[in-house]
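Engineer:
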Amino acid sequence: MVRNQRNHLLDLHTEIAQSQVDATDYSIRFKYGVHTILLFVDSLQSFSAINKSLLEVLRERFPDGLKISPTLTDVTPVPTSDDVRIVYGLPNNVNDLGQGWKVLRIDDDDKPVSKGLKDNIPVAFAFLADGEELDDAQFLVDVPTLDDEYEDELGSDS
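Under UniProt numbering, the final residue of the sequence shown carries the number 158; numbering is consecutive throughout.
1. Give the C-beta separation of Val75 and Gly65 to the nearest angstrom, bearing in mind that I take them to be a contact with Cβ-Cβ under 8 Å.
2. By the three-class DSSP mapping on this structure, what secondary structure does Phe139 have?
3. How would you label Gly33, buried or exposed, when you count the other beta carbons within 10 angstroms and need 16 or more for buried?
4. As a quick exercise: from Phe125, Val143 and Pro144, pick the residue whose alpha carbon is nearest that of Ala137.
5. Would the region 88-105 and the region 116-131 be scored as touching if the rule is three or more Cβ pairs under 8 Å?
6. Checking contacts by CB at 8 Å: is Asn92 closer than that to chain D?
7. Is Ser46 near Asp108, with beta carbons less than 8 Å apart?
8. Got a sec? Which residues, its chain only, sit under 8 Å from Val57 by beta carbon, not counting five neighbours each side?
9. When you compare only the Cα positions, how much space is there between Val103 and Pro70?
10. Using three-state DSSP, classify Leu117 as helix, strand or coil.
The structure is reproduced here in structure tokens:
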């Protein structure tokens with residue numbers, strides 16, 4: 001009887017997990033500064049809905065703002081307005097994020113699948129101020145390097 005209950009619990013857990021993450025969902029790694037926010041988004045969901053979800057997570061998890069660099073104390077405040085303009089960027093080289101980002105030109109009703117996004121893709125984001133254009137966006141993404149790791153372990157001689 002215990003075995004049946006355990007199998008039932010496993011089946012229930014599997015059923016819940018499947019209902020929360022659909023086969024059409026993508027895991028997207030949204031990046032800003034030192035932060036990576038993993039969100040599951042429906043590949044057929046509009047970017048306006050994705051904006052709303054991302055803002056909700058940012059406001060809940062980072063009420064004091066987003067840290068730009070591990071060595072700087074500066075933070076970027078998370079906008080409180082829902083009508084903030086968010087711009088997204090795709091990596092120039094998905095295997096080397098240090099090569100920068102290119103602006104993803106989207107409309108609010110565009111969907112990730114229609115813009116060529118794939119599961120587990122890194123996507124940088126930035127907030128546009130009033131009067132700023134898409135091409136003015138600066139994607140502030142801290143990309144750790146192997147040299148940084150060794151420097152932390154060994155200490156810096158400089």
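We put the beta carbon where it would ideally sit given N, CA and C, even for glycine.
Structural biologist: The structure says:
1. 3 Å
2. coil
3. buried
4. Phe125
5. yes
6. This model lacks chain D altogether; it includes just one protein chain.
7. yes
8. Ile37 and Leu39
9. 25 Å
10. coil
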